[in-house]
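Take a look at the structure below.
Numbering (the working numbering), first residue to last: 9 to 108.
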């Protein structure tokens with residue numbers, strides 16, 4: 009009987025942990041969806057003439073040097089894009105595996 013109680017307790021813990029993760033994931037996905045439009049705006053800026061002008065002004069030191077401007081580096085936006093893409097692929101794979 010002790011083995012069965014241990015197993016029931018284990019399964020209860022898995023159930024509760026999974027429910028907690030579902031709740032956390034729902035909240036995070038809501039934030040993700042809310043950020044989608046902003047991310048699209050970032051990508052449009054990254055490929056825009058405006059950014060090119062900002063890059064040139066930064067090179068000429070017209071833009072204040074104490075202004076955070078990671079968005080003007082190629083690596084910061086490119087890395088964020090790549091990390092986001094990798095995460096989306098992982099989410100797709102996990103989603104498919106979860107319903108199979």
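Backbone N, C-alpha and C fix where the C-beta goes; we use that ideal spot for every residue, glycine too. Keep in mind that this is a model prediction, so the values were computed, not measured.
Exercise. Could you give the distance in angstroms between the alpha-carbon of residue 33 and the alpha-carbon of residue 70?
Worked result: 43 Å
For this session: Determine the closest residue to residue 52 out of 89, 19, 74 and 26, with distance taken between C-alpha atoms.
Result: 89
Problem set entry | Nearest-angstrom Cβ-Cβ length linking residue 80 and residue 66, presumed shorter than 8 Å | 5 Å
Exercise. Tell me which same chain residues have a C-beta within less than 8 Å of the C-beta of residue 40, skipping the five on either side of it?
Worked result: none
Exercise. Can you list the alpha helix (DSSP H) stretches of 4 or more residues lying completely in the stretch 23-69, in chain order?
Worked result: Assignment of alpha helix (DSSP H) within the stretch 23-69, counting only whole runs of 4 or more residues, yields 57-67 in chain order.
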